[in-house]
Amino acid sequence: MNSMLGLSMTSFIPPFDLKRDVLSLWSAGNVHDTAFTILMGTLVAVACAWLGCWLILQGLALIGDAISHTVLLGIVLAVLLTGEVAGIGMFVAATITGLVTVMLIDALHVSSRLKEDAAIGIVFSALFALGVALLGTFAGGAHIDTGHVLYGNLEFVTSGRSVVLAGIDVPVPVCQMAVVVMLLMLLIVAFYKELLLVAFDSQLAAAMGLRPVLCRYGLLAALSLTVVGSFQAVGAVLVVAMLIAPSATAYMLTKRLPMMFVYSAVAATLSSVIGFHLSYWLDVGAASAMVCVACGLFGLAFLFAPEQGVLSAVWRRARGRLRASQENIIRRLWKLSAGVPELAVSAGDVSAGMKLPGWQFGWSVRSLMQRGWIEAPPGVARSLRLTARGALQAQRLDRAHRLWET
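Heads up: the sequence shown is residues 323 to 728, going by our numbering.
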């Protein structure tokens, strides 16, 4: 089929030379742009990941999705009013839009029979569509385009204005995002106990004098600020994935909130670094590559997480079944040998009373032999007997089972 179409996989994937590509990316002329582009992507991903942890714990992932879309309306209004694609006005307008979004969702949910998910769908679709319409109508006069806002332009984050810090030209968007990350860190540290209590038991928090609604609106206001700082890098659409994917990866790896913050930051950093290099190799958008890597990391965590991974659970169940069959075999041997370890017992008699598949019985017998609990007596075909260690384990298991039965 490929030969008929004149296509092949090599037509889409460029030849891979790790040393050449990395050296070219980090050459003397590109090191400044490369370093700050990766730093911007990392700051965006880490900020979104930290907020995503709270969103997942409070079940607000859909509201985070809604805000990340509806702040587009605030951004467009601010740009149309001020004529600038950066500045404090855009942050204020986007924050107000995010809070208005939450208020409208709550109002629809409380004052009607609509459930929260339906209210979210109505509000964020309407406001997002209005923002896209305004963007498409007035974008030319405001020096802002649809693709820049929706999908980001991480590769050109270093081409705009910059400030000199310690003799280094630092792009203004990187400075803004660094301030947002530091503010988030300070807020998380300062209000950690309150946020933790509100996230896990809002009723107890209200009984203790805290205001869960105020905490919620504060969290969503911080989310609006983060989305505004992120849209230049990954856009208003792809920021949704950065809000959820790294934090969901951390959620699969741990049950402790502090470690969830650490793991989400690590996943966000890896997504930025690997995604940027992958985009350079494949010649695709850096933001898209970052999100693909973030979702790929979640896929790995979903499969191989130590406690919650799918394959890990399958492996634990298989080990549990193997252990149970091993314990049943040595108990069966103990009973058939009447408590005399030196007495050999036919393997057929052992398997007949256990109703195990042949492969599972053979696997369990080989494992027990490797552990030194049973052995095949010489000169007696298809027979088994307990070793001294196996007899001790059989006595212990027999006592434990009798205790449980009692």
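Yeah, the Cβ is synthetic: ideal placement off N, Cα and C, and Gly gets one too.
These numbers were taken from a predicted model, which means no experiment stands behind them.
Would you report the Cα separation of residue i and residue j, rounded to the nearest angstrom?
i, j, result
"M323", "L592", "For M323, the predicted structure reports a pLDDT of 42, less than 50, and the residue's modelled location is therefore unreliable. The matter cannot be settled from this model."
"G661", "Y585", "52 Å"
"F446", "P493", "32 Å"
"L394", "H599", "29 Å"
"S601", "A590", "16 Å"
"A587", "F620", "13 Å"
"I596", "A713", "54 Å"
"L518", "L655", "53 Å"
"E727", "M612", "56 Å"
"A429", "G443", "14 Å"
"T548", "R638", "40 Å"
"M499", "W603", "26 Å"
"I378", "L402", "34 Å"
"L658", "G680", "20 Å"
"V636", "E629", "11 Å"
"G374", "A608", "21 Å"
"L725", "M676", "21 Å"
"A674", "G642", "21 Å"
"F683", "A669", "10 Å"
"R711", "L678", "24 Å"
"L436", "F450", "20 Å"
"N650", "A716", "9 Å"
"P700", "H723", "31 Å"
"V479", "H354", "12 Å"
"V550", "T404", "16 Å"
"A567", "C614", "10 Å"
"N352", "Y539", "42 Å"
Which whole-angstrom value is the C-beta distance of residue i and residue j, which I expect to be below 8 Å?
i, j, result
"A698", "S689", "Not really, about 14 Å apart at Cβ, beyond 8 Å."
"L565", "C370", "5 Å"
"W372", "F522", "So it is not a contact: roughly 17 Å between Cβ atoms."
"S546", "T419", "7 Å"
"T364", "S594", "4 Å"
"A627", "S634", "6 Å"
"M362", "V496", "5 Å"
"A512", "V520", "That belief does not hold up - the Cβ atoms of A512 and V520 are roughly 14 Å apart, past 8 Å."
"A563", "A616", "6 Å"
"S484", "D491", "4 Å"
"E477", "T359", "7 Å"
"V561", "S390", "5 Å"
Residues bridged to residue i by DSSP?
i, result
"P580", "DSSP output for P580 lists no bridge partner at all."
"L575", "Its beta-bridge partners do not exist; DSSP assigns none."
"R707", "E697"
"P493", "S484"
"S668", "S705"
If you count every other CB in all the chains shown that lies within 10 Å of the CB of residue i, and 16 or more means buried, which is it?
i, result
"Y514", "exposed"
"I427", "buried"
"T392", "buried"
"Q692", "exposed"
"D387", "buried"
"W695", "buried"
"T417", "buried"
"L536", "exposed"
"R578", "exposed"
"E664", "exposed"
"V502", "buried"
"V300", "Outside the displayed range of the chain (323 to 728) lies residue 300, so it cannot be described from this structure."
"Q525", "exposed"
"G453", "buried"
"R718", "exposed"
"L382", "buried"
"V366", "buried"
"T459", "exposed"
"Q457", "Note on identity: in this sequence residue 457 is Leu, with Gln being the wrong assignment. So L457 counts as buried."
"L399", "buried"
"A529", "exposed"
"A703", "exposed"
"A455", "exposed"
Report yes if the C-beta distance between residue i and residue j is below 8 Å; otherwise report no.
i, j, result
"V672", "R707", "no"
"V424", "I397", "no"
"F625", "G618", "Before going on, a small fix: residue 625 reads as Leu here, not Phe. No, they are not a contact pair."
"A543", "L421", "yes"
"R653", "D720", "yes"
"E610", "S647", "Note that residue 610 is Ser in the sequence shown here, rather than Glu. Their beta carbons are not under 8 Å apart, which means S610 does not touch S647 by this criterion."
"E516", "L505", "no"
"A441", "H431", "yes"
"L487", "W376", "no"
Please confirm whether residue i has its beta-carbon closer than 8 Å to some beta-carbon of chain C.
i, result
"V366", "No chain C appears in this structure, which consists of one protein chain only."
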